[in-house]
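Below is one structure, written out as structure tokens, with a few remarks after it.
Numbering (UniProt numbering), first residue to last: 1 to 142.
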């Protein structure tokens with residue numbers, strides 16, 4: 001399945017923040033949108049990605065003062081991306097090799113979506129269900 005198909009099913013809205021956004025605001029946006037990560041953009045360019053995990057790890061190390069710090073202090077600045085023409089299989093390998101759960105999707109140099117491991121699993125389950133229905137129809141009609 002192509003990443004474009006996953007984005008069609010889930011939508012292509014991407015929550016972004018600026019590097020100078022506070023960690024407190026990041027946490028608010030994660031909760032408000034019920035998501036696990038946001039893309040950090042600077043002048044419409046991907047500058048990083050910040051996740052719940054980044055917050056938790058830094059909170060343990062730095063304490064409550066972290067909430068006033070900028071997202072740029074905790075974000076991952078080397079961001080693994082994919083394209084709309086990549087497959088869910090290649091994305092699974094990419095996520096596993098890089099130990100990431102969220103991958104921004106780019107097309108023609110622009111951010112067009114984000115795919116999580118949960119999105120990939122949901123798409124695969126949907127595909128398996130469709131395959132099952134087709135096999136059942138083939139067996140009962142044949």
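By construction, the Cβ of each residue, glycine as well, lies at the ideal position given by its N, Cα and C atoms.
Remember, it's a predicted structure, so these values are computed and weren't measured experimentally.
Query                                                                                                                  : Result
C-alpha distance - residue 17 paired with residue 55, whole-angstrom precision                                         : 14 Å
Own chain, CB closer than 7 Å to residue 102, minus 5 neighbours either side, in chain order                           : 36, 37, 49, 51, 114 and 116
Helix, strand or coil at residue 33 [DSSP, three-state]                                                                : helix
Residue range of the alpha helix (DSSP H) that includes residue 139                                                    : 117 to 141
Terminal residues of the beta strand (DSSP E) in which residue 12 lies                                                 : From DSSP, residue 12 is part of no beta strand (DSSP E); its letter is neither H nor E.
Same chain, Cβ closer than 7 Å to residue 27, neighbours up to 5 away in sequence not counted                          : 55
Spatial neighbours of residue 106 in its chain, beta-carbon cut-off 8 Å, leaving aside the 5 residues before and after : 46, 81, 82, 83 and 112
Own chain partners of residue 58 with C-beta closer than 7 Å, once the 5 adjacent residues on each side are dropped    : 66 and 74
CA-to-CA distance, residue 140 to residue 43, given in whole angstroms                                                 : 57 Å
CA-to-CA distance, residue 15 to residue 4, given in whole angstroms                                                   : 18 Å
For residue 88 and residue 173, the rounded distance between their alpha carbons                                       : With the chain represented from 1 up to 142, any question about residue 173 goes unanswered, as that position is not in the structure.
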